[in-house]
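Q: Submitted below is the structure of interest, expressed as structure tokens.
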Amino acid sequence: MAAGSQLRDDQPARLPARPGEGARRGLVPARVQGSRHGRLRTVAPGPGGRSGLNVLCAVVGHVEWIEFARVDRVPAAGDIALAGEVWHEAAGGGAVAAVQMARLGAQTTLFTALGEDDIGRRSRERLEDLGVEVEATIAPGGTRRGFTFLDAQGERTITVFGPKPRPGGDDSSLPWQRLRETDVVYFTAGDATAVRRAREARTLVASSRERETLLEARVALDALVGSGADPGEAYTPGSLHPEPGVWVATDGASGGSYTTATQAARRYTAAPLPGPVSDAYGCGDSFAAGFTFGLGEGRGTEAALELGARCGAACLTGAGPYGNQLTLAG
5 MAAGSQLRDD
15 QPARLPARPG
25 EGARRGLVPA
35 RVQGSRHGRL
45 RTVAPGPGGR
55 SGLNVLCAVV
65 GHVEWIEFAR
75 VDRVPAAGDI
85 ALAGEVWHEA
95 AGGGAVAAVQ
105 MARLGAQTTL
115 FTALGEDDIG
125 RRSRERLEDL
135 GVEVEATIAP
145 GGTRRGFTFL
155 DAQGERTITV
165 FGPKPRPGGD
175 DSSLPWQRLR
185 ETDVVYFTAG
195 DATAVRRARE
205 ARTLVASSRE
215 RETLLEARVA
225 LDALVGSGAD
235 PGEAYTPGSL
245 HPEPGVWVAT
255 DGASGGSYTT
265 ATQAARRYTA
275 APLPGPVSDA
285 YGCGDSFAAG
295 FTFGLGEGRG
305 TEAALELGAR
315 CGAACLTGAG
325 PYGNQLTLAG
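Everything in the sequence shown is counted per our numbering, starting at 5 for the first residue and increasing by one.
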């Protein structure tokens, strides 16, 4: 993609020769070209000198083809807004988390569902070019679309179209057995059987937005992550059985808190911003990915939260989810 170019619906997808081709070109993705992808931050390897290159990560989650529109303000009912910049991206919580893990240096596989449509092919291609190995089953309803306003303060307002595509744990087209050899999995979408498959990894972290599926699965989570400001991600202690090892509630610029079954809530601080605010799309997913990666790398809870906070802060200073994600120091 040439500098200054955008992903447009009229651009044909260049299909990879085989699934995972982009991710297999190298463990750490090359710098992504283009005006929105030039300022990648870096992070040192974890404690004990363990490199992220040795961490096997996976995300079981969703992908959405998102159209972004940058406006001065989100239009009120009946208003017309002029967008100063418009672009498309393969995004959604599963995709954003997987790319962040790959940029930290992990070998990362995304288990997802994509439609047999043009945006499904383009989503696979884009994520593979960003360093993620994509294992996708067919989403019968097609690839999910969405629209996001980005206002002058950097806040994002999201509308998605249709139900969230979910990979099924009984789907034999997906190589679920590979999760047994995976260090850490982050779960953002799937059915209860997919959660049980993910539990075969050494460490399992999940989004609290999926609490109904998690309740049905009845597996022990090492960590549960959600926004403390979003009622859709609220977690009440005792509402999951068994209880997660730690529950993290993010709180934006105020940092957040983490709680265990034996320890009252404790605060963690937000990381300093490495630049001016661009937009908030993907910050929470980048935070969760950094935290999950940190646990998989062997960091303790507090150190993993610190890494997650740095990932969220870096994402906030880049356009869209991938404009300035944190990367592993070379």
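Positions of the beta carbon are idealized from the N, C-alpha and C atoms, including for glycine.
#1: Just verifying my parser: in three-state terms, what is the DSSP assignment at Gln-104?
#2: What does Gln-267 pair with, by DSSP beta-bridge criteria?
#3: Can you give the Cα-Cα distance for Asp-76 and Val-90, rounded to whole angstroms?
#4: Between the alpha carbons of Asp-226 and Ala-85, how many angstroms are there, rounded?
#5: Hey, could you find the ends of the alpha helix (DSSP H) Thr-305 is sitting in?
#6: Counting only the same chain and skipping the five closest in sequence on each side, list residues whose C-beta sits under 8 Å from that of Val-209.
#7: Any contact between the stretch 305-312 and the stretch 211-221? By contact I mean 3 or more CB pairs, one from each, below 8 Å.
#8: By the three-class DSSP mapping on this structure, what secondary structure does Ala-275 have?
#9: For Arg-160, which of helix, strand or coil comes out of DSSP?
#10: So, does the CB of Glu-132 fall closer than 8 Å to a CB anywhere in chain D?
#11: Give me the Cα-Cα distance between Thr-264 and Thr-217, rounded to the nearest whole angstrom.
#12: For the alpha helix (DSSP H) that Glu-120 lies in, which residues bound it at each end?
#13: What first and last residue would you give for the beta strand (DSSP E) that runs through Gly-154?
#14: From this set, Asp-155, Arg-148, Gln-111, which residue's C-alpha is nearest Ala-87's C-alpha?
#15: Just to confirm my understanding: we take His-66, look at its own chain, exclude 5 residues before and 5 after, and list those with CB closer than 8 Å. What are they?
#16: Give me the Cα-Cα distance between Tyr-272 and Gln-329, rounded to the nearest whole angstrom.
#17: DSSP three-state label for Gln-111, please.
#18: In the structure shown, what three-state DSSP assignment does Val-59 receive?
#19: Could you give the DSSP three-state label for Ala-95: helix, strand or coil?
#20: Whole angstroms are fine: how far does the CA of Ser-261 sit from the CA of Ala-269?
#21: Leaving out five residues before and five after Gly-166 in sequence, what residues of the same chain have Cβ atoms less than 7 Å from its Cβ?
#22: May I ask which residues mark the beginning and end of the beta strand (DSSP E) holding Gly-232?
#23: Beta carbon of Ala-274, beta carbon of Ala-257: below 8 Å?
#24: Terminal residues of the continuous beta strand (DSSP E) containing Val-209?
#25: Please classify Gln-181 as buried or exposed, where buried requires at least 16 neighbouring CB atoms within 10 angstroms.
#26: Taking its Cβ as the centre, do 16 or more other Cβ atoms sit within 10 Å of Ser-176, making it buried, or is it exposed?
#27: Using only alpha-carbon positions, find the residue among Ala-253, Ala-323, Pro-246 that is nearest to Gly-279.
#28: Within 10 angstroms of the Cβ of His-245, are there 16 or more other Cβ atoms? Answer buried if so, exposed if not.
#29: Could you say which of Asn-58, Val-103, Phe-72 lies nearest to Val-64 if we only look at CA atoms?
#30: Alpha carbon to alpha carbon, what distance is there between Pro-276 and Arg-128?
#31: Using C-beta distances below 6 Å, list every residue in its chain close to Gly-119, excluding the 5 sequence neighbours before and after it, in chain order.
#32: Looking at Thr-331: is its Cβ nearer than 8 Å to the Cβ of Arg-126?
#33: Can you tell me whether Ala-140 is helix, strand or coil according to DSSP?
A: In short:
#1: helix
#2: For Gln-267, DSSP records a beta bridge to Thr-264.
#3: Taking the straight line joining both Cα atoms gives about 13 Å.
#4: 44 Å
#5: Residues 305-320.
#6: Val-188, Val-189, Tyr-190, Phe-191, Leu-225, Asp-226, Ala-227, Leu-228, Val-229, Ala-292, Phe-295, Thr-296, Leu-299
#7: no
#8: coil
#9: strand
#10: The question asks about chain D, but that chain is absent: this structure has only one protein chain.
#11: 21 Å
#12: No alpha helix (DSSP H) contains Glu-120, which DSSP labels as neither H nor E.
#13: Per the sequence shown, the amino acid found at residue 154 is Leu instead of Gly. Where Leu-154 is concerned, the enclosing beta strand (DSSP E) stretches over 148-154.
#14: Asp-155
#15: These residues qualify, in order along the chain: Gly-96, Gly-97, Gly-98, Ala-99, Thr-116, Ala-117, Arg-148, Lys-168, Pro-169, Arg-170, Thr-192, Ala-193.
#16: Taking the straight line from one Cα to the other gives about 20 Å.
#17: Of the three classes helix, strand and coil, the one that applies to Gln-111 here is strand, per DSSP.
#18: coil
#19: Of the three classes helix, strand and coil, the one that applies to Ala-95 here is strand, per DSSP.
#20: 6 Å
#21: Gly-145, Arg-148
#22: Taken as a continuous stretch (DSSP letters only), Gly-232 belongs to no beta strand (DSSP E), as it is neither H nor E.
#23: yes
#24: 207-211
#25: exposed
#26: exposed
#27: Ala-323
#28: Exposed, because fewer than 16 other Cβ atoms sit within 10 Å of the Cβ of His-245.
#29: Val-103
#30: 33 Å
#31: Ala-143, Gly-146, Thr-147
#32: no
#33: Reduced to three states, the DSSP call for Ala-140 is strand.
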